[in-house]
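Protein chains in written order, with this note's numbering: chain A, 51 to 523; chain B, 270 to 458.
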């Protein structure tokens, strides 16, 4: 990277790796035209498949409400089972979206602009899937409002000393804040779609959604500060959400759960799994939607570096748990971990280790971390591995706790499998609708990182260059 | 007959409420904004497809007060959450669970934190909308067909009439003198 200078004005290097050969209007065109064209046959095909899986989910949930949670494999020692495994898995997936949109924004990582919108959308859809699981897991779903402090005829309030209630507040707050962050980021782009709309219905829909945005500096001023503040508060929020999720476990006294390493370990795992999911989705989206000039190999490579880093953090946490189990001198704790690695769930444990710690090591090689097929397969394996991490934590600890007389073994039923499979249908259906009907790339932000968006850029600007100095006067 | 002619009059008498000028690029928009500021214009706005760094000082605009709104919202969220949890679990309906203290603020920390965040986010979003006058689906700038470019690749300065001594010709001439192209009047029916 060379820094050119023009007189005394430093020009940042033209970042053609971030945005390949684009102009303002080519960005508008390539992103907006996706939403304006009729859906292709392939889109309909994939959408129909995803929607059928979603319908499968809804019918299974209907049966669950009718019959009760006995249809699942949950049993007496393993009362949490798959719904909680799936809950933690989906919340974790969401975290990468907030990391990309908020934390990388605060660190001024400009490469995030092409991928933040789809990552935020992924967050919202993942959190919807996540919220579904504890809701249906309570059994009597019609009284789920008892978890909220709503005045009721019984004069009862929720128990604020329970980590499960903290979780209700943490995940709901996370959902609402992510939704607002996503929407606020989209307002200028919705205005672009409004201004390009030809049909009356489109004009009305995007006119209302964009709230009458005019792109005036008097609006950008508040908008930019609002976005910065939202990024600033979403950052501690995202760290708190998975910490609170980990409290569900860490505050209990079960060996294997009752450890102080859980909050950071869960957050690292969440970012790790979330980046893998973003990777899976983006590799498909950039190919299908023709966005290779906006989502470049450099974006993917950067994400692979984050995946490698968080994989090492997760690997460290796995090792640390074993060390503490031995160092604590607590027999139950030591047993819990030996049981994980060599007990009845050893198969799940070693799937977890190989997918989460071994597989990402291939990203040390530049050749492999810039190869799209390699990273696609790796991201799928990491998704599998992270699901198994939650399975190992939830199930193996519950199945073999203190007294051997109360031990058990968990076997999923067809309904466990169906509902997990169906949640992917729900997620994919929402993502496909988003990718087709909303701006999948943050146009206004990508335009802002183009070289000609810099007022000191020489393109067509030479007559006024001498007066630049007085602007900030 | 009388009514008909009156109707025609009201229809054609679209009131001029402002002037719109287009600029070539970010640099000329910034320079023009600074010249508008130096000339003493107050009621003007610079429209661009993305936020332009340095525009506030070029326009002579004050810093956004949004931070104060969010700060107040955060205080309400945090103290409200603490108050709610204290009242519900220590005053209104104390429940004995494992003999734990009713009035234990340590257990309230996570929810207090989350509600602080939630209320701050509401402050940041709704405060931003209120300060920028949104939602407002109609505005005089939309009467220009060219203005659709402002969300694509166009840079504009709009000057709105501010009551005293707004002279369309004078504003037009000044906008042209600072590099404005396609200068047009904005009307309101």
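Backbone N, C-alpha and C fix where the C-beta goes; we use that ideal spot for every residue, glycine too.
None of these values were measured; they are calculated from a predicted model.
Select from 339/B, 302/B, 294/B, 295/B the residue whose C-alpha is nearest the C-alpha of residue 282/A.
On the first chain, position 232 is the one that residue 282/A refers to. Closest by alpha carbon: 339/B.
When the Cα atoms are used, what is the spatial distance from residue 223/A to residue 286/B?
The count along the first chain starts at 1 and reaches residue 223/A at position 173. The count along the second chain starts at 1 and reaches residue 286/B at position 17. Each residue's Cα considered, the two are about 44 Å apart.
Can you give, in chain order, each stretch of the beta strand (DSSP E) that sits fully within the stretch 234–310 of chain A and has at least 3 residues?
none
Look at the alpha carbon of residue 343/A and the alpha carbon of residue 236/A, and state the distance between them as a whole number of angstroms.
Looking up residue 343/A in the first chain gives position 293. Looking up residue 236/A in the first chain gives position 186. For residue 343/A and residue 236/A, the distance between alpha carbons rounds to 21 Å.
List, in order along the chain, the chain A residues whose C-beta lies closer than 7 Å to that of residue 380/B?
The count along the second chain starts at 1 and reaches residue 380/B at position 111. Simply 210, 216, 219.
Could you name the residues of chain B that residue 206/A contacts, counting a contact when the two beta carbons are closer than 9 Å?
Locating residue 206/A in the first chain gives position 156, where the first residue counts as 1. Those are 362, 364, listed as they occur along chain B.
Would you say residue 505/A reaches chain B, if we count a Cβ-Cβ gap shorter than 7 Å as a contact?
Walking along the first chain from the start, residue 505/A turns up at place 455. Yes, residue 505/A counts as interfacial toward chain B.
C-alpha gap between residue 321/A and residue 407/A, whole angstroms
Residue numbering aside, residue 321/A sits at position 271 when the first chain is read from its first letter. Residue numbering aside, residue 407/A sits at position 357 when the first chain is read from its first letter. Answer to the nearest angstrom: the Cα atoms are 14 Å apart.
Give me the Cβ distance between residue 386/B and residue 301/B, rounded to the nearest whole Å; I'm assuming they're in contact under 8 Å.
Residue 386/B sits at position 117 when you count from the first residue of the second chain. Residue 301/B sits at position 32 when you count from the first residue of the second chain. So it is not a contact: roughly 40 Å between Cβ atoms.
Can you name, in chain order, every residue of its own chain whose Cβ lies under 6 Å from the Cβ of residue 66/A, other than the five neighbours on each side?
Reading the first chain from its first residue, position 16 is the one you call residue 66/A. The predicted model places residue 66/A with a pLDDT of 41, which falls under 50 and marks its position as unreliable, so this point remains unresolved.
Cα separation between residue 212/A and residue 376/B?
Residue mapping note: residue 212/A aligns to position 162 of the first chain, counting from 1. Residue mapping note: residue 376/B aligns to position 107 of the second chain, counting from 1. The alpha-carbon atoms of residue 212/A and residue 376/B are separated by roughly 8 Å.
Taking the straight line between their C-alpha atoms, what separation do you get for residue 285/A and residue 436/B?
Stepping through the first chain from its first residue, residue 285/A is reached at position 235. Stepping through the second chain from its first residue, residue 436/B is reached at position 167. When rounded, the distance between both Cα atoms is 49 Å.
Which residues of the stretch 282–295 of chain B have a Cβ closer than 7 Å to any Cβ of chain A? Give them in chain order.
293, 294, 295
At the level of alpha carbons, what is the spacing between residue 392/B and residue 343/B?
For the purposes of this step, residue 392/B is identified with residue 123 of the second chain, where counting begins at 1. For the purposes of this step, residue 343/B is identified with residue 74 of the second chain, where counting begins at 1. In a straight line, the C-alpha of residue 392/B is about 8 Å away from that of residue 343/B.
Shortest alpha-carbon distance to residue 379/B belongs to which of 182/A, 217/A, 174/A?
The count along the second chain starts at 1 and reaches residue 379/B at position 110. For residue 379/B, the nearest C-alpha among the options comes from 217/A.
May I ask you to check if the CB of residue 450/A is nearer than 6 Å to at least one heavy atom of the ligand NAD?
With respect to the ligand NAD, the structure offers nothing, as it holds no ligand at all.
Could you spell out where the alpha helix (DSSP H) holding residue 179/A opens and where it closes?
Within the first chain, numbered from 1, the residue matching residue 179/A stands at position 129. Per DSSP, residue 179/A belongs to the alpha helix (DSSP H) from 166–187.
If you drop the 5 nearest sequence neighbours on each side, which residues of the same chain put their C-beta closer than 8 Å to that of residue 318/A?
On the first chain, residue 318/A is found 268 positions in, with the first residue counted as 1. Around residue 318/A: 360, 363, 364, 367.
In the structure shown, what three-state DSSP assignment does residue 345/B receive?
If you number the second chain from 1, residue 345/B lands on position 76. Looking at residue 345/B - three-state DSSP - the assignment turns out to be helix.
Measuring alpha carbon to alpha carbon, tell me which residue in 305/B, 298/B, 363/B is nearest residue 442/B.
Within the second chain, residue 442/B is the residue found at index 173, counting from 1. For the residues 305/B, 298/B, 363/B, the minimum Cα distance to residue 442/B belongs to 305/B.
At a CB-CB cut-off below 8 Å, which residues of chain A make contact with residue 421/B?
Within the second chain, residue 421/B is the residue found at index 152, counting from 1. Ordered by position in chain A, the residues that pass the 8 Å Cβ test against residue 421/B are 74, 75, 78, 242, 245, 246.
Helix, strand or coil for residue 426/B? Go by DSSP, reduced to three states.
Position 157 of the second chain, counting from 1, holds the residue named residue 426/B. Looking at residue 426/B - three-state DSSP - the assignment turns out to be strand.
Is there at least one Cβ from chain B nearer than 7 Å to residue 266/A's Cβ?
Residue mapping note: residue 266/A aligns to position 216 of the first chain, counting from 1. Yes, its Cβ sits closer than 7 Å to a Cβ of chain B.
If you drop the 5 nearest sequence neighbours on each side, which residues of the same chain put their C-beta closer than 8 Å to that of residue 446/B?
Counted from its first residue, the second chain places residue 446/B at position 177. Closer than 8 Å at the Cβ level, and outside the excluded window around residue 446/B, lies no residue.
Along chain B, which residues have their Cβ under 8 Å away from the Cβ of residue 502/A?
Along the first chain, read from residue 1 onward, the residue named residue 502/A stands at position 452. What residue 502/A touches in chain B: 294, 295.
Which residues in the same chain as residue 289/A place their Cβ atom closer than 8 Å to its Cβ, once the five residues preceding and following it in sequence are excluded?
As a working note, residue 289/A is residue 239 in the first chain. So the qualifying residues of the chain are 317.
Cβ of residue 369/B within 7 Å of any chain A Cβ
By 1-based counting over the second chain, the position of residue 369/B is 100. Residue 369/B counts as touching chain A.
Using DSSP's beta-bridge definition, name the partner residues of residue 291/B.
One-based indexing of the second chain puts residue 291/B at position 22. 425/B, 450/B.
Got a sec: is the Cβ-Cβ distance from residue 377/B to anything in chain A below 7 Å?
Translated into positions along the second chain, residue 377/B becomes position 108. Yes, contact with chain A.
Per-residue contacts from residue 541/A into chain B (C-beta, under 7 Å)
Outside the displayed span of chain A (51 to 523) sits residue 541/A, for which this structure offers no information.
Between residue 497/A and chain B, is any beta-carbon pair separated by less than 7 Å?
For the purposes of this step, residue 497/A is identified with residue 447 of the first chain, where counting begins at 1. Chain B contact via Cβ: present.
Is residue 285/B helix, strand or coil by DSSP?
Walking along the second chain from the start, residue 285/B turns up at place 16. Note: residue 285/B maps to strand in three-state DSSP.
Residue 389/A versus residue 383/A - alpha carbon distance:
As a position in the first chain, residue 389/A is number 339, starting the count at 1. As a position in the first chain, residue 383/A is number 333, starting the count at 1. Going from the Cα of residue 389/A to the Cα of residue 383/A covers about 10 Å.
Listed by chain order, chain B residues near residue 249/A by CB distance under 7 Å:
As a position in the first chain, residue 249/A is number 199, starting the count at 1. Within chain B, no residue comes near residue 249/A; the closest Cβ sits about 15 Å away, beyond 7 Å.
Using the C-alpha atoms, what's the distance from residue 463/A back to residue 441/A?
Reading the first chain from its first residue, position 391 is the one you call residue 441/A. Reading the first chain from its first residue, position 413 is the one you call residue 463/A. When rounded, the distance between both Cα atoms is 15 Å.
Give me the chain A residues within the contact set of residue 336/B, using Cβ-Cβ distance strictly less than 9 Å, ordered along the chain.
In the second chain, residue 336/B corresponds to position 67, counting from 1. By Cβ distance, chain A contributes 275, 279.
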